[in-house]
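Below is one structure, written out as C-alpha cells; comments come after it.
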Amino acid sequence: VAVDATRHAVVSAWRRQGTLQFKRFDVAPTSVDPTLASSLVLAASGTDGPALVGISGSRVVVAVMIARNLVVRRSGDGGASFAAAQTLLQGDIDCCFIAVPNSLDVRGDRVLLEGARVFGDFSGGASLQRRFVSTDGGAHWSKVKLGNTGTRVSAWSGSGGTPRIVEAWDDA
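Take any residue in the sequence shown, note its place counting from 1, add 8, and you have its number in the working numbering.
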C-alpha cells in the first residue's frame, strides 16, 4: 500500500493465486468514503513473493517477482493503465536462485528500487543486493551492485536540489 497525499490517492498491489492485482482509490478531503478509481490484473500468472507499490502524483510503479525474475510495471496516469513489464533482475528458472524486490520509493520522476538475487528460497540463503535507480519514471534504469549480503531497504530523502538516499541493511 502507498499513499499520495497531494493527489488524495491510495494504491495497493498484491498477489492472489499467482496473479498480480492492483487497485487505486481516490479519497476526497471532505469525504470518509474512498472511490474506486482503477482495478486491474497486472500479471495473469507466475507471481510470487511480495508485491511493492509506490506513487507520486500520476506516477505509479509496481515491483514483484514473476517467474523468479524481479519485474516492474509503471504507469504515468495514476494507475489507469500500465506499460509492459520490464525485467530488471533475472532469477534462475531451473535451479538455484530467485530475484525479489526489497523496497520501492517513487518521488516525481525519480524511482528507487532495492532488489536481491537470493540463492535458495525466502527462508534464507546468501543474497546479492542490487539498487536500481530511474530518473525518468521507470522508463530507463541504472543498476548498482552493493557489497553487503543482507537485505537492504532505502528511500529518497529531502526535496528539491540534490536527491539523497536513506538506507538500512542487515549484514548478518
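Where is the CB? At the ideal position from N, CA and C, for every residue including glycine. Note that this is a predicted model, so its numbers are computed, not measured.
Between the alpha carbons of S162 and R81 lies a distance of about 19 angstroms. Between A10 and V72 the beta-carbon gap is near 14 angstroms, outside 8 angstroms, which marks them as no contact. Contact annotation, G123 with V108: C-beta distance approximately 6 angstroms; criterion of less than 8 angstroms satisfied. Under the DSSP assignment, Q29 falls in the beta strand (DSSP E) whose first and last residues are 27 to 34. A Cβ-Cβ distance of about 12 angstroms is found for the pair G146 and V79, leaving them out of contact under the 8 angstroms criterion. Membership of L112 in the beta strand (DSSP E) is indicated by the continuous run 105 to 115. Counting only the Cα atoms, G116 lies some 23 angstroms from P58.
Spatial neighbours of D34 in its own chain (CB-CB distance under 7 angstroms, excluding positions within 5 residues in sequence) are listed in chain order as H16, A17, P42, T43, A45. Residue pairing by DSSP places A13 opposite no residue, since no beta bridge is assigned to it. Secondary structure at S39: coil, using DSSP grouped into helix, strand and coil. When rounded, the separation of the alpha-carbon atoms in R138 and D144 is 19 angstroms.
One alpha carbon belongs to W149, the other to F105, and they sit about 22 angstroms apart.
Check the Cα spacing between T55 and each of V114, F30, P37, D85: the tightest is with F30. Runs of the beta strand (DSSP E) lying entirely within the segment 46 to 108 and spanning at least 3 residues, in chain order: 55 to 64, 67 to 74, 77 to 83, 94 to 97. A163 is bridged by DSSP to V174.
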